[in-house]
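There are 2 protein chains.
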Amino acid sequence: MGPQDRRARERAQMRDSILNAARELFAIHGYEGVSMRKIAERIEYSPTAIYLHFADKETLFRELCMQDFRLLSTEFSALANVADPMQRLFGIGEAYVRFGTSHPFHYRLMFMTPPPVAKCDESPYDKDGKGNPETDAYAMLRWTVEEAIKAGAFRPEYTDAELLAQTLWAVVHGVTSMQISLGNDSWLAWRPLEQRTRAVLDAVMHGLARRKE
Amino acid sequence: MGPQDRRARERAQMRDSILNAARELFAIHGYEGVSMRKIAERIEYSPTAIYLHFADKETLFRELCMQDFRLLSTEFSALANVADPMQRLFGIGEAYVRFGTSHPFHYRLMFMTPPPVAKCDESPYDKDGKGNPETDAYAMLRWTVEEAIKAGAFRPEYTDAELLAQTLWAVVHGVTSMQISLGNDSWLAWRPLEQRTRAVLDAVMHGLARRKE
DNA sequence: TTCGTATATTAACAATGTTCTATTAACGTT
DNA sequence: AACGTTAATAGAACATTGTTAATATACGAA
């Protein structure tokens, strides 16, 4: 273990401390509410030091989001032991809304902001998205849908797993993003979030499911 | 018609020309992509002149959105002659997605951005939201839901019009906002927007509708 | 020791939303 | 017609932002 390794380790530590400082600040004040200078102040470095580790502010925050979004895949995995694929889909939906609404700023950047234009080159994930929690979560959803199709849980006219996955995703994304953006609006007599989540999932699952004979 | 009136008219014209300049620019470059200076340049006034008519940039853009969102209520009204309340709800959903995705920047500010904190005081609409296109559209949706309930179109366990309206809104909002934010992402094998819209609405409507005997 | 590279900082740039201050123009009153 | 008040407008300036350029420092390799 030469001095190279030590430098690499120090560099990684620096990276982490930036990410951690940024994580705390973003979680409180949101993306726009935190400046690079604030992050730098927190770790007691100059603002420019950050640019030695991250290309720009958005790259930094996206990296952060990626890290934290791994937790979502983890939560999905925890549902793997649910036998009934429809129940598993229901659980995935609930977990998704819960995760998104408790990480509103992460969710906002990941799924409510257009992705950066041509910066995908420097992404640490391959094209297929293996290891990318964003695409991983979607892949798990689609896989579960395929299982449900195979198990004959859907009505026979529903055969397009991709379309079904996108349908289910759109639905939970609707509840999640609406809660994040408008959940505190008082002109609306909002029903509790959990109730809305269940109502939406109930409706769509009933609509998709094969009728019991 | 004294000179007071003339001044008021001129003032209103100035306001409109600001709004029109802003409308064009925002429609092309989006909220963040248009600076107050650019708007001022377009109408050939100084940037400060704008502040005599609008408190700040966001107020200006919100006013713009409000104006344009009247078109949505109009489209909803055009569906009033659809007899079957379920079909009307379906049409409302389709119109909503169509409208939102063709006015992405408007939609983003109205429904994908947290509302400003305590600026509601200067809102030209009353607390109930009468005349406010945002709340008007929701009111129309809820009213249609109530009609559908009365007509016995929903399954008997669905009696909460508010919850049903919020369910339907969440669903179409999901499709709309997902299209706006991620519709151009290529890592996903997106089905066409119209297909997704129909699939989501089909599923949820089937799930909510009373079974035919 | 000397050289080069990685790391860090200071200063600065360009753009932004917004405000301060001064100036001009219009209008009603006398 | 002259005057004072008020609204409208502009120019300069401020504070903040993300980011880059130029520069210094530390440390391993030769």
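Chains as they are written, first to last, in this note's numbering: chain A, 1 to 213; chain B, 214 to 426.
Don't be surprised by glycine CBs; every beta carbon is placed ideally from N, CA and C.
Fair warning: this is a prediction, and the values are worked out from it, not measured in the lab.
With 16 as the cutoff for other CB atoms within 10 Å, does R196 (chain A) come out buried or exposed? buried
So, for L401 (chain B): in the same chain, excluding its five sequence neighbours on each side, which residues have a beta-carbon less than 8 Å away from its beta-carbon? L395
Using Cβ-Cβ distances below 8 Å, what residues of the stretch 30-41 of chain A are close to chain B? none
The stretch 259-277 of chain B: which residues have C-beta closer than 8 Å to a C-beta of chain A, in chain order? none
Thinking A95 (chain A) and F76 (chain A) are a contact (beta carbons under 8 Å), I'd like their distance in whole angstroms, please. 7 Å
Closer than 7 Å at the beta carbon, the chain A residues around E375 (chain B): A189 and R191
Going by DSSP, name the residue or residues bridged to E367 (chain B). Note that residue 367 (chain B) is Phe in the sequence shown, not Glu. Bridge partners of F367 (chain B): B:A422.
Flag R409 (chain B) as yes if its beta-carbon sits less than 7 Å from any beta-carbon of chain A, otherwise no. Yes, contact with chain A.
Using only alpha-carbon positions, find the residue among B:V310, B:E347 and B:V295 that is nearest to A170 (chain A). B:V310
Using a Cβ-Cβ cut-off of 8 Å (strictly less than) and excluding sequence neighbours within five positions of N81 (chain A), which residues of its own chain qualify? none
Our contact map puts A235 (chain B) next to F274 (chain B) with C-beta atoms below 8 Å; I'd like the distance itself, whole angstroms only. About 7 Å separates the two Cβ atoms, so the contact holds.
If you measure between the beta carbons of R155 (chain A) and R210 (chain A), is that distance less than 7 Å? yes
Minimum C-alpha distance to R224 (chain B) - residue among B:S315, B:L265 and B:I252: Nearest of B:S315, B:L265 and B:I252 to R224 (chain B), Cα basis: B:L265.
Can you name, in chain order, every residue of its own chain whose Cβ lies under 6 Å from the Cβ of V247 (chain B), other than the five neighbours on each side? L238 and F239
Under 7 Å, Cβ to Cβ, is there at least one residue of chain A near H419 (chain B)? Interface criterion met: the Cβ of H419 (chain B) is under 7 Å from a Cβ in chain A.
Which residues of the stretch 275-306 of chain B have a Cβ closer than 7 Å to any Cβ of chain A? Give them in chain order. none
Can you list, in chain order, the stretches of the alpha helix (DSSP H) that have 4 or more residues and sit fully within the stretch 284-325 of chain B? 298-315 and 317-324
Could you tell me whether the Cβ of H217 (chain A) comes closer than 7 Å to any Cβ of chain B? There is simply no residue 217 (chain A) to check, as chain A begins at 1 and stops at 213 in what is shown.
Just to confirm my understanding: we take K38 (chain A), look at its own chain, exclude 5 residues before and 5 after, and list those with CB closer than 7 Å. What are they? L25
Quick one: does H103 (chain A) have its CB under 7 Å from some CB of chain B? no
Using a C-beta cutoff of 7 Å, does M323 (chain B) count as contacting chain A? It does not: the Cβ of M323 (chain B) has no partner Cβ on chain A nearer than 7 Å.
CA-to-CA distance, V385 (chain B) to D349 (chain B), given in whole angstroms: 17 Å
Considering only their Cβ atoms, is the gap separating A366 (chain B) from M323 (chain B) smaller than 7 Å? no
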